[in-house]
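Residue numbers (this note's numbering), protein chains in the order written: chain Z, 28 to 192; chain D, 28 to 192. For each residue, glycine too, the CB sits at the ideal point set by N, CA and C. Taking it in order: structure first as structure tokens, then the write-up.
Number of protein chains: 2
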Amino acid sequence: MAETSGGEGLLYLTDEQLRKGIEAMFFAYRGFTADPDRILETMEYGRAHHRALHFIHRAPGTTVSNLLAILGVTKQSLNRVLRTLIDDGHVRSEKGRKDARERHLFLTEKGDALERQLSDAQRARMRAAYRAVGPAAVQGFRQVLEAMMDPDMRHAYNRLKEGGA
Amino acid sequence: MAETSGGEGLLYLTDEQLRKGIEAMFFAYRGFTADPDRILETMEYGRAHHRALHFIHRAPGTTVSNLLAILGVTKQSLNRVLRTLIDDGHVRSEKGRKDARERHLFLTEKGDALERQLSDAQRARMRAAYRAVGPAAVQGFRQVLEAMMDPDMRHAYNRLKEGGA
DNA sequence: CTTGGAAAGTCAACAAGGCTGACGTAAATC
DNA sequence: GATTTACGTCAGCCTTGTTGACTTTCCAAG
């Protein structure tokens, strides 16, 4: 790979290349969500439910405020989703023992099964893509994504990474 | 690039690594849309308008059906957005000369200026990310994204790439 | 020339999932 | 005791997606 020197290795920073990157993100994100979306629409759930399930799975016992911050939505919006998940027995909400104002969220067995079903579908595509391009490309992929995040989200992301590792 | 051998180079394919990739996509996509979104909300436009402007800019003279296929929405949904863009003088719709049923879409000067404003914001973030990680990582990024797309979308993407190169 | 069907546009109704604003309650904290 | 925090909820709005039905325009095949 020809590398950065004077002004020659910078061809990857042209507007044209950046536009291609933008389009790649757009089309790839569609693929990224397509498989779980297909499963979700067979029930009465949407992408918002999937996101909640994902992060509760990832950080069991997380509080509502914490989830709010990670998802970047209002509590009214989250509550609508969380309400149905709790009513359907996918999520359990538990009063905090240290601070009883807080609610700690957990997946039930049923919720865990659903989360796994959704994640399996999403991971299958990721795995195929990863396998097709190899570890070096994957590392680059992760580096670019991390660099694209808002600083706040990068911190949230890294906190999850550590916790989940 | 250290490659797949027995079972050691495959650590990047673990569920844990795949989950991190999924989260990276989620947070990065938020960053990806954040800057144009901020501009759009000052007018009466949304992300759907941005997407239409982007692809009309990219493929001037494209037809409505073609745009429909690329964006993956219904004509009713696209039409609502296109209607406002045309009424506001950002997009010009021209009857096809070969086939007069088709409408060919073009940006007006005003529309081009808006598209550039939105793209500039989005590209600035991409450029910063690209610059921060270097060309090799960017190549990996593009490879993974392309591998994640649905085949149909990959073809649409590659057609755009060639056309726009 | 007629007719079938494709391309486009439009109307109506609906749903998901964002948002704001206001208000209530319980618990912690000052 | 007063204030602040965390959460829940009601009401209403917007964007952007959906389906279904219908019309107009027009190409092309019979």
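Counted within 10 angstroms of its Cβ, other Cβ atoms place residue i as buried (16 or more) or exposed
i: glycine 88(D); result: exposed
i: glutamate 173(Z); result: buried
i: serine 146(Z); result: buried
i: glutamine 144(D); result: exposed
i: glycine 50(Z); result: Note that residue 50(Z) is glutamate in the sequence shown here, rather than glycine. Glutamate 50(Z) should be labelled buried.
i: lysine 137(Z); result: exposed
i: glycine 48(Z); result: buried
i: alanine 55(D); result: buried
i: arginine 110(Z); result: exposed
i: leucine 45(D); result: buried
i: arginine 65(D); result: exposed
i: leucine 38(Z); result: exposed
i: methionine 70(Z); result: exposed
Delimiting residues of the alpha helix (DSSP H) encompassing residue i
i: arginine 128(Z); result: Counting along the chain, arginine 128(Z) falls outside any alpha helix (DSSP H), and DSSP gives it neither H nor E.
i: aspartate 212(D); result: Outside the displayed range of chain D (28 to 192) lies residue 212(D), so it cannot be described from this structure.
Spatial neighbours of residue i in its chain, beta-carbon cut-off 7 Å, leaving aside the 5 residues before and after
i: leucine 40(Z); result: none
i: leucine 141(D); result: Leu80, His117
i: alanine 75(D); result: Val108
i: alanine 29(D); result: Bear in mind that a pLDDT of 47 at alanine 29(D), under 50, signals an unreliable position, so the number given afterwards is only what the model happens to contain. Answer for alanine 29(D): Gly36, listed in chain order.
i: histidine 77(Z); result: Pro63, Leu67, Leu145
i: leucine 95(Z); result: Lys102, Leu105
i: methionine 176(Z); result: Tyr184
i: glycine 73(Z); result: Leu67
Same chain, Cβ closer than 6 Å to residue i, neighbours up to 5 away in sequence not counted
i: alanine 183(D); result: Ile97
i: tyrosine 157(D); result: Val165
i: arginine 119(Z); result: Phe133, Thr135
8 Å Cβ shell around residue i - same chain, five flanking residues per side excluded
i: glutamate 251(D); result: With chain D covering 28 to 192 only, the question about residue 251(D) has no answer from this structure.
i: arginine 181(D); result: Glu173
So within the stretch 67-133 of chain D, which uninterrupted beta strand (DSSP E) runs reach at least 3 residues, ignoring any that extend past its ends? 118-122
When the Cβ atoms of the stretch 92-108 of chain D are set against those of the stretch 145-164 of chain D, are three or more pairs found closer than 8 Å? no
Touching or not, the stretch 119-128 of chain D and the stretch 49-64 of chain D, by the rule of three or more beta carbon pairs under 8 Å? no
Within the stretch 34-58 of chain Z, ranges of the alpha helix (DSSP H) (whole runs, at least 4 residues): none
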